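In my numbering, the protein residues as written are 385 to 661.
Structure below.
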């Protein structure tokens, strides 16, 4: 368990991801399952994203999603606490001539009220569990009201407290991994590039309990519930037929009970009431 203060944990997290920033895209851009995850998340968002939307992205990393959104005609304010990740994003934005579509800011998602250019956005987006790096997700969720327009949408990709694939490691004797999410209320130690920081796991029920009263949940999808997690390297390449079969099953069942609750991640979308509602 971890009781590290929030500010210290954010510093450690920022340092870890800055160290990895220069090799991040090389490590993950060609991973078949990560490509599948990105497509699933983007397909989900496209159900709710209106043309020419303004998007506030949290934990934007090297900008893979920001660039994709910009190329679809949207404007993105891409935020992160990792200076290294922001540097990579800026370089890619300049190289792809997307400066008019993407702005950046080095800021924590716990401090949205301190953004340099405070405004309200059409959409808030956070991919691949960046929000699991805070023990104060309740405060982050409550802050969305002030930065989201009436009728606006939020899509978050989070790690739940139970992952079927990890739990199955129990039968291989990997008890610590099998149970680590279930006992994460005080934070679980994570390790990246020689740095240690804490992360937390949150079920959809936690989100429902802590969103502002004028927000409602629109949809939940499991991600890597039947398809294995991307850290099972080369699974798709080593077992192409099995991967195709599992992918077809997840594509059909990801919004069904219990599959939407027991993946490596889940995608959850929220809507803020419009002024008329």
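Ideal Cβ positions, reconstructed from N, Cα and C, are used throughout, including at glycine. Being a predicted model, the structure only gives us computed values, none of them experimental.
In the DSSP assignment, residue 495 falls outside any alpha helix (DSSP H), carrying neither H nor E. For residue 583, the pairing in a beta bridge is given by DSSP as 572.
Under the three-state reduction of DSSP, residue 502 is assigned to coil, being neither helix nor strand. Pairing residue 614 with residue 421 gives a Cβ-Cβ distance under 8 Å. Per DSSP, reduced to three states, the secondary structure at residue 432 is coil, with no helix or strand assignment. In the three-state scheme derived from DSSP, where H, G and I count as helix and E and B as strand, residue 525 is classed as helix. Residue 420 carries a helical assignment under DSSP once its states are collapsed to helix, strand and coil. Within the same chain, 461 come within 6 Å of residue 487 by CB-CB distance, once the 5 residues on both sides are set aside. The three-state reading of DSSP puts residue 488 in strand, counting E and B together.
Inter-segment contact for the stretch 502 to 509 and the stretch 521 to 540 is present: three or more beta-carbon pairs are separated by less than 8 Å.
Per the DSSP secondary-structure output, residue 462 pairs in a beta bridge with 441, 488. With a beta-carbon spacing of about 5 Å, residue 489 and residue 463 fall inside the 8 Å limit used to define contacts. Going by beta carbons, residue 468 and residue 401 fall inside the 8 Å limit.
For the pair residue 608 and residue 649, the CB atoms are nearer than the 8 Å cut-off. The residues 442, 443, in chain order, have a CB closer than 7 Å to that of residue 514 in the same chain once the five nearest residues on each side in sequence are set aside.
Per the coordinates, the alpha-carbon of residue 495 lies some 35 Å from the alpha-carbon of residue 641.
In the three-state reduction of the DSSP assignment, residue 407 falls in the helix class, which pools H, G and I.
Shown here for residue 595: same chain residues with a beta carbon closer than 7 Å to its own, the five before and five after excluded, namely 525, 654 in chain order. The C-beta separation of residue 449 from residue 393 comes to about 24 Å, leaving the pair out of contact by the 8 Å criterion.
Per DSSP, the continuous alpha helix (DSSP H) segment holding residue 634 begins and ends at 624 to 637.
Minimum Cα-Cα distance from residue 537 among the listed residues 588, 437, 446 corresponds to 437. The three-state reading of DSSP puts residue 642 in coil, since its state is none of H, G, I, E or B. Closest in C-alpha terms to residue 656, from the list 632, 598, 453, comes 598. Sorting 575, 572, 548 by C-alpha distance to the C-alpha of residue 562 places 548 at the top.
A straight line joining the alpha-carbon of residue 491 with that of residue 395 spans about 12 Å. Counting every other CB atom within 10 Å of its CB across the protein chains shown gives residue 557 a total below 16, marking it as exposed.
The beta carbons of residue 576 and residue 404 sit closer together than 8 Å. Burial check for residue 516: the Cβ neighbour count within 10 Å reaches 16 or more, so the residue is buried.
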